[in-house]
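Trainee: Going from the sequence shown to this note's numbering is simple: count from 1 and add 145. Think of the CB as a built atom: it goes at the ideal place given N, C-alpha and C, for glycine as much as any other residue. Computed from a predicted model, the values in this text were never measured in an experiment.
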Amino acid sequence: MKINKYTGIIMMAAALLTSCSDFDDYNKAEIDAQTATASQTIWENISQNDRLKDFAALVKAAGFDQALNTTHCYTVWAPLDGTYDAARLRTLGNEALLKQFVKNHIAEYTHGASGSIDERVLMLNAKSYDFKGNGTYEFDGVKVQEADPSSNGVIYLIEGQASYLPNIYEYITDSLLSGDAGIDSLRRYVMKAEQSYLDEERSHKGPIVDGMQTYIDSVVVTYNPIWDQLNTYMTLEDSSYTFLMPTNKAWNGAYDRIKSHFNYGKTLTVQNFNGTTATTVTAPAIDPAYWQDSLTSSYLLRYLSYSNNDGYNLWLDGRTSPYGTDTLRTTLNTKLSNPQDMLAQTVATVPMSNGIARIVDSLAFYSWETFCRPMFVSTNSINNRAREYQGTVQTVRVDYPDPSKVDLNNVLPNQRVNTTYSYTWMEPSGPSAKPELNIYLHNVQSTTYDIYCIFVPETVDLLKRNVEVRPNRVIFTLNYCDENGKLQNKEFLNQTPENEQDVLDRIAQWKEQNPGVSAAAPDAKTKAAFTNDVTKVDTVYVGEFTFPVSYYGLDKENTNYCPNLKISSPFNVFNKALMGIYAREFRIGGILLIPKEYGEYVQSSNNE
146 MKINKYTGII
156 MMAAALLTSC
166 SDFDDYNKAE
176 IDAQTATASQ
186 TIWENISQND
196 RLKDFAALVK
206 AAGFDQALNT
216 THCYTVWAPL
226 DGTYDAARLR
236 TLGNEALLKQ
246 FVKNHIAEYT
256 HGASGSIDER
266 VLMLNAKSYD
276 FKGNGTYEFD
286 GVKVQEADPS
296 SNGVIYLIEG
306 QASYLPNIYE
316 YITDSLLSGD
326 AGIDSLRRYV
336 MKAEQSYLDE
346 ERSHKGPIVD
356 GMQTYIDSVV
366 VTYNPIWDQL
376 NTYMTLEDSS
386 YTFLMPTNKA
396 WNGAYDRIKS
406 HFNYGKTLTV
416 QNFNGTTATT
426 VTAPAIDPAY
436 WQDSLTSSYL
446 LRYLSYSNND
456 GYNLWLDGRT
466 SPYGTDTLRT
476 TLNTKLSNPQ
486 DMLAQTVATV
496 PMSNGIARIV
506 DSLAFYSWET
516 FCRPMFVSTN
526 SINNRAREYQ
536 GTVQTVRVDY
546 PDPSKVDLNN
556 VLPNQRVNTT
566 YSYTWMEPSG
576 PSAKPELNIY
586 LHNVQSTTYD
596 IYCIFVPETV
606 DLLKRNVEVR
616 PNRVIFTLNY
626 CDENGKLQNK
636 EFLNQTPENE
646 QDVLDRIAQW
656 KEQNPGVSAA
666 APDAKTKAAF
676 TNDVTKVDTV
686 YVGEFTFPVS
696 YYGLDKENTN
706 YCPNLKISSP
716 FNVFNKALMG
726 IYAREFRIGG
736 ILLIPKEYGE
746 YVQSSNNE
C-alpha cells in the first residue's frame, strides 16, 4: 500500500504548520513516476485522479477548488468514487455542500501518518474526527487506502465518507438537517436573533477588486445572543448538552400555557407613594403584544438546555449521578423535579456532534418551577415597603429562635435559615396611632395567587419568651389595576373568623379588669378581620386573587409599577376594649404569593 512507501515524505510535511514551501527541498530528491504528485497542488492532484471524479466535481461545485490550488497547507481525506452517495450530495445547496461534505474532509496544515498515531483532527467546518492507526490507518473509522503528497499538503484516499453530525445549533437552524422533525417554531424564534460577521483574520484574502478586498476562502462567524442568555455554547464542538427540542405542537401548547401569565394592558395605572402620600401614576406606554410574545418565548426557551457534564445531569448519558435521577438542572441553574415526566415526551433522540437532541411532543415543566414561581416578598427590604403610616418600622433580627415556637422550615420557602431570623416590626407612632403598612408586590403576573401573610410573635426572641403577647386584628386591602387601566381596591375578609363569642368573652374579661371604661362590641368589619396565632410564627391565609394584568418587568427608574397590599386595623382607636385585647403593633415576616396551580398540586400531593 502506497501509504507505507511515502511515510518519510509525509513526516516531513507534518512539520509544516504555516507554510508548505519547503516541499521543494525534498521533492527534488525523491521525485519519480510514483511521487510525481508531490510537485503539484492538492487541487491539481484531485482533478487529475480518475478515482476522485465525484469528489473533484463536488469540491468545484462548493467553490473550494481555488483554495486548494494555493500555497496554503491542507490535509484532504478524499472519499473514493463509489464508496459514498455522491448523487445525494449533489442535491444539496452549495453552502450546505461546502459545510457538510467538503470542509468535513479537509483540515488546516499537514497531518502526517507514520508509525503509531492517535490524533483528534479539527476540520475546516469545526468538526473533529479521529485519525489513528499503526502502519494502516483510519479516519473517523474509515479505512485509508493511499497517501498522495502535494506541494501544499497531502491527500489521503479513503474508502468512504466521514460521518457528519450537526451540532445542536446547526440542527435547529438548518431545515435540511432537521428534515421532518417538525421544529419550525423553535427554528423561527432562534433565527430571529441570529447575527453573522466576517472573520477577516481567519479568512484567506484574494485580490483587491474595485478597491474592495475579496476573499478566496471567507470565514463567516455566526453569533446568536440567545445562547449567552442560556449560558450555553451550542455552536462549540467540544461541549456536551442535552437539548429538548419542542415540536410545533409542543411549542404552541407551551406558548399558549405561558402567555396568559403576561397579559399587559395598553394603559397601566398604579398607586405610588411619596412619603406617606399616595399618588396615581401611569406607567410608560408599552407594546402589550410584543412584551407578551417576547417574555413567553423567552420563558419557553430557557428550560430546554442541560449540560451533560453537570453532576445533576450525568445520568442522561448513562453515567452515575451523585444526586440520583429525580432532578435535572438547566444551564441557568434551575432545578426541575420531574425529569421522568419531561423525558417521557420524547418522540425521537438524535445524536449531535456536541450532545443529544430530544425531540419532544410536549413540554412537561411544572409552572411553579419555571415561568410562574412562588414569590416571597420581604417586608425588611425598603424597596418593598410602599408606605409606613402612623408608625415606625425597624428590622428585628433574632438569634437562636425558640424551636418550640418557630417552625422555620415552613416559613420561608427556598431560603436557608441558620441561627438568625428577621422580621419587620411596625410600631405605633403614638398612643392613639393606628399603624398601616403598604407593601409593593413587584413583578406579579396575570394569574391567580393564594396570598399569605407571615406574622411573628414577640416571643420568638428567647429573651422575651415570658412577655404577654396580644394577637393582631387586621384587614388587608389590595390596590391594583384592572384590564381597562383603572385603579381598583380589593378588601379581603377572613373566611374563617375568630369565634364571635370568644371575642365577646375576652371583652367582658377586659371590662372586669378595667371597670368604668366603655367597651363597644366589635362591628361587622372587625368581626371579619384576620387574627394571628401568637403561640407560633403564623402563616395566615389572606385569600385568593387573580391579577387582570401582568406587572412583570415594568418597574423602572425607582418607580414601582406594581400593586400594593395594605395591612391595617379595622377598629377605631377609641374602642378601648378592642385596643386592650388586640395589639396595634404588628410584626411581619413577609408576604407569600403562591400560584394557584402550585397550591392545588401541593394539596393533591398531601391527599395521596
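1. Check Arg-651 in the structure and name its three-state DSSP category.
2. Please confirm whether Thr-622 and Lys-711 have their CB atoms less than 9 Å apart.
3. Take Ile-251 as the anchor and find which of Trp-188, Leu-237, Arg-235 has the nearest alpha-carbon.
4. Among the residues of its own chain, which have a CB less than 7 Å from the CB of Ser-450, if the five just before and after it don't count?
5. On the DSSP letters alone, give me the boundaries of the alpha helix (DSSP H) that Trp-372 sits inside.
6. Beta carbon of Leu-234, beta carbon of Arg-196: below 9 Å?
7. Can you give me the start and stop residues for the beta strand (DSSP E) that Pro-224 sits inside?
8. First and last residue of the alpha helix (DSSP H) that includes Pro-429?
9. Determine the burial state of Asp-373: buried for a count of at least 16 other Cβ atoms within 10 Å of its Cβ, exposed for fewer.
10. Which partner residues of Met-357 appear in the DSSP bridge assignment?
11. Going by DSSP, name the residue or residues bridged to Trp-436.
12. Restricting to runs no shorter than 4 residues, where is the alpha helix (DSSP H) found entirely within the segment 179-220?
13. Would Tyr-706 pass as a contact of Val-247 if the rule is Cβ separation under 9 Å?
14. Going by DSSP in three states, Leu-389 sits in which element: helix, strand or coil?
15. What did DSSP end up calling Pro-558 once you bin it into helix, strand or coil?
16. Of all the options Ser-296, Pro-484, Lys-635, which has the alpha carbon lying nearest to the alpha carbon of Asn-458?
17. Is the distance from the Cβ of Tyr-585 to the Cβ of Val-541 below 9 Å?
18. Would you identify the three-state DSSP class for His-587, choosing helix, strand or coil?
19. Taking the alpha helix (DSSP H) that Glu-240 falls in, what are its first and last residues?
20. Out of Gly-324, Thr-359, Tyr-316, Met-571, point me to the one whose CA is closest to Thr-380's CA.
21. Please return the same chain residues whose Cβ sits closer than 7 Å to the Cβ of Ala-271, not counting the five positions on each side in sequence.
22. Could you tell me which whole alpha helix (DSSP H) segments of length 4 or greater appear in the segment 255-330?
23. Helix or strand or just coil, what does DSSP make of Ala-674?
24. For Glu-745, I'd like the list of residues in its chain whose CB is within less than 8 Å of its CB, leaving aside the five on either flank, ordered along the chain.
25. Please name the residue, chosen from Phe-284, Tyr-597, Thr-537, Asn-751, that lies closest to Ala-578 on a Cα-to-Cα basis.
26. What residues match up with Gln-539 in a beta bridge as DSSP calls it?
Mentor: Let me lay it out:
1. helix
2. yes
3. Trp-188
4. Leu-375, Thr-377, Tyr-386, Phe-388, Thr-475, Thr-476
5. 370-374
6. no
7. 219-224
8. No alpha helix (DSSP H) contains Pro-429, which DSSP labels as neither H nor E.
9. exposed
10. Val-354
11. Paired residue(s): none; Trp-436 is not in a bridge.
12. 187-193, 198-206
13. no
14. strand
15. Low confidence applies to Pro-558: its pLDDT is 39, below 50, so where it sits in the model is not reliable enough to give any reading.
16. Pro-484
17. no
18. coil
19. 239-242
20. Tyr-316
21. Glu-382
22. 313-318, 320-323
23. coil
24. none
25. Thr-537
26. Trp-570
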